[in-house]
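What follows is a single structure, written as structure tokens, with notes after it.
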Amino acid sequence: VILDANFPMILYKKIFGIKATLSDLKDYDPKMYKGLKNMLETEDDVEDIFCKNFTVEYEAYGEICHDDLKEGGADIPVTNENRQEYVELYLDYFFNKSVHKQFKAFDDGFKLVCGGHTLKLFLPEELEQLVCGSKILDFHALEGAAHYDDGFDKDSETIKHFWEIVHSFSEEQKRKLLKFATGSDRVPIKGLKALRFVITKNGDDDDTRLPTAHTCFNHLLLPQYKSKKILHARLLVAINNAE
Numbered sequence: 019v020i021l022d023a024n025f026p027m028i029l030y031k032k033i034f035g036i037k038a039t040l041s042d043l044k045d046y047d048p049k050m051y052k053g054l055k056n057m058l059e060t061e062d063d064v065e066d067i068f069c070k071n072f073t074v075e076y077e078a079y080g081e082i083c084h085d086d087l088k089e090g091g092a093d094i095p096v097t098n099e100n101r102q103e104y105v106e107l108y109l110d111y112f113f114n115k116s117v118h119k120q121f122k123a124f125d126d127g128f129k130l131v132c133g134g135h136t137l138k139l140f141l142p143e144e145l146e147q148l149v150c151g152s153k154i155l156d157f158h159a160l161e162g163a164a165h166y167d168d169g170f171d172k173d174s175e176t177i178k179h180f181w182e183i184v185h186s187f188s189e190e191q192k193r194k195l196l197k198f199a200t201g202s203d204r205v206p207i208k209g210l211k212a213l214r215f216v217i218t219k220n221g222d223d224d225d226t227r228l229p230t231a232h233t234c235f236n237h238l239l240l241p242q243y244k245s246k247k248i249l250h251a252r253l254l255v256a257i258n259n260a261e
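Using our numbering, read the sequence shown as starting at 19 and increasing by one per residue.
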């Protein structure tokens, strides 16, 4: 079951017990990532520029709260000499200590469903693909793997028009087409080339007929429209108004 669960990569790393690094902050909080990176790389006086101490500030129920990153942290300024320690303690607080209770509950639940020795075979990136599917929408691969039925083949004029239209779609439209035809807008872990996708001829052109689908079997039922323009219009109506 592919899930639309867009967790940051650090969550999958934490499942494997991999220590967080500064780069893990980049996708989650770009502003904080940039600030800490600048702190580590600057040749100027860190204490004078950043005016930081070994505490972290956050808002809770409308109030500004502070936690020490180390004992007596409020009285320890961040300097050029201890800035690396500050960044490491900040990352540990942000990714571990501040969310320990919540992550433990998530981790226990995840491993209740997906635990066992098999989990150790994966890298974090592979686990994300297993849960969410591939992020690559390669519709040329889908075209190459497609099958045709009831009078259509890859050289049929309607089929040629169909793929020309689909390749011109935006990513959002392509995902809508996937959902319309298969019931899910997610891509299998091996990519769209692994999806058994069948386009079936469903009669001749009719002013009132729209494309339909058997989502259980990944079958798209396409009338043989008279022109590419009509096919384009009917296809957009179908994918934009389907639930």
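All C-beta atoms, glycine included, are put in the ideal place defined by N, C-alpha and C.
Would residue i pass as a contact of residue j if the rule is Cβ separation under 8 Å?
i: residue 96; j: residue 115; result: no
i: residue 241; j: residue 221; result: yes
i: residue 238; j: residue 218; result: yes
i: residue 160; j: residue 112; result: no
i: residue 50; j: residue 43; result: yes
i: residue 127; j: residue 204; result: no
i: residue 210; j: residue 168; result: no
Quick one: Cα of residue i to Cα of residue j, how far?
i: residue 180; j: residue 249; result: 7 Å
i: residue 228; j: residue 162; result: 24 Å
i: residue 118; j: residue 36; result: 15 Å
i: residue 47; j: residue 190; result: 25 Å
i: residue 106; j: residue 131; result: 32 Å
i: residue 173; j: residue 165; result: 12 Å
i: residue 260; j: residue 135; result: 41 Å
i: residue 185; j: residue 25; result: 29 Å
i: residue 223; j: residue 247; result: 12 Å
i: residue 129; j: residue 188; result: 37 Å
i: residue 102; j: residue 45; result: 21 Å
i: residue 252; j: residue 226; result: 9 Å
i: residue 72; j: residue 108; result: 8 Å
Let me confirm a value: residue i is counted as buried when at least 16 other C-beta atoms fall within 10 Å, else exposed. Which label applies?
i: residue 170; result: buried
i: residue 212; result: exposed
i: residue 154; result: exposed
i: residue 177; result: buried
i: residue 56; result: exposed
i: residue 200; result: buried
i: residue 123; result: exposed
i: residue 76; result: exposed
i: residue 34; result: exposed
i: residue 68; result: buried
Which residues does DSSP list as the beta-bridge partners of residue i?
i: residue 81; result: 78
i: residue 255; result: DSSP lists no partner for residue 255.
i: residue 95; result: 71
i: residue 205; result: 152
- Determine contact between the stretch 78 to 92 and the stretch 54 to 70, defined as no fewer than three beta-carbon pairs at a distance below 8 Å. The answer is no - the stretch 54 to 70 does not touch the stretch 78 to 92, with fewer than three Cβ pairs under 8 Å.
- Just checking, does the stretch 91 to 106 make contact with the stretch 132 to 147 on the three C-beta pairs under 8 Å criterion? Judged by Cβ distances under 8 Å, the stretch 91 to 106 makes no contact with the stretch 132 to 147, as fewer than three pairs qualify.
- Task: Report yes or no: do the stretch 21 to 37 and the stretch 133 to 142 share at least 3 C-beta pairs separated by less than 8 Å?
- Result: Counting Cβ pairs under 8 Å, three or more are found: they touch.
- Message: With a threshold of 8 Å, are at least 3 pairs of Cβ atoms found where one atom belongs to the stretch 187 to 203 and the other to the stretch 246 to 260?
- Response: A contact is defined here as three or more CB-CB pairs under 8 Å, and the stretch 187 to 203 meets this definition with respect to the stretch 246 to 260.
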